[in-house]
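Working notes for the structure below.
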Amino acid sequence: MSVLIVIPARYASSRYPGKPLAELRGATGEAKSLIQRSWDAACEVSGVDRVVVATDDDRIRDASEAFGAEVVMTSPDCANGTERCAEAFDALGGGYEVVVNLQGDAPLTPAWFIEDLVAGLRQDTMAEVATPVLRCDGRALNGFLDDRKAGRVGGTTAVFTTDHHALYFSKEVVPFTSDTYADEDDTPVFHHVGVYAYRPSALGAYPRWPAGPLEQLEGLEQLRFMEHGRQVLCVEVDARGRQFWELNNPEDVPRIEAMMAEMGTA
């Protein structure tokens, strides 16, 4: 299956303006922008035919081209990363069997997460979208719960059927559990990793659908597929000892830098 990775990046984030240009220091002390670290992550994925950054901002374009990225300029009217991916795909003339949306706020995304998504779509012909889910250990779950107590959105959780078709995604911690967990304990909560692989038919239809009430309430773009009856495959991935966190708020920068230092990420 021919694969295109699109990294959608916008400057005007309500929670963190200028986020793609925020610098993160790795284990060696070298600082790289979030968008460059996302590009580096995309380039580590095997079986990919092309990687592009999709943005509407000249500052992000200039910074991306400076480290060698291919950039596609898109409209400032794109409501979310999926719409930006759809526009970039059209601008490139299509021609790919799978389009991967590697959101520019997840620089710790391991290459095998994306490789597993493509494999998932190859195996499940009913699914039109695939996205990774990661079983939370106690450390991750307690981090989510601490964020919610502080009024922050620390991540998105997912629930799904026995055949791994999505039932719901939420910025709340679902399912509810009253148990307590040590850092290394497995929990019944799955962290949704903000990466998507789309079949072109679903991606092309997405911008034409109105955002439904669940998408508007949660602010989660993947719910639009579900509200319009499309199958979203949740692919359970193995972290293989790697830590994972998305950069949603300025407070996440030191958390991610600490994880990179612990994992030896340059």
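Under our numbering, the first residue of the sequence shown carries the number 494, and numbering increases by one thereafter. We put the beta carbon where it would ideally sit given N, CA and C, even for glycine. For clarity, every value in this text was computed on a predicted model and none was experimentally measured.
Query: For T624, three-class secondary structure by DSSP; Result: strand
Query: Residue closest to R645, alpha-carbon to alpha-carbon, out of G734, Y509, D630, L696; Result: Y509
Query: Beta-carbon separation (whole angstroms), A505 vs A704, contact threshold 8 Å; Result: Rounded, the Cβ-Cβ distance is 18 Å, inconsistent with contact.
Query: Alpha-carbon spacing of L527 relative to F662, whole angstroms; Result: 25 Å
Query: Spatial distance of A604 from Q596 (CA atoms); Result: 13 Å
Query: Bridge-paired residues (DSSP) for F662; Result: A651
Query: Of the listed residues T624, P625, G647, nearest to N635 (C-alpha basis); Result: G647
Query: N-terminal and C-terminal residue of the alpha helix (DSSP H) that A604 is part of; Result: 604–616
Query: C-beta contact flag for Q724 and M566 at 9 Å; Result: no
Query: Residues that DSSP places opposite P501 in a beta bridge; Result: A547
Query: Between the CA atoms of A633 and A698 - distance to the nearest angstrom; Result: 35 Å
Query: T673 versus P706 - alpha carbon distance; Result: 33 Å
Query: Contact belief for T650 with H684 at Cβ below 8 Å, rounded distance in angstroms; Result: 6 Å
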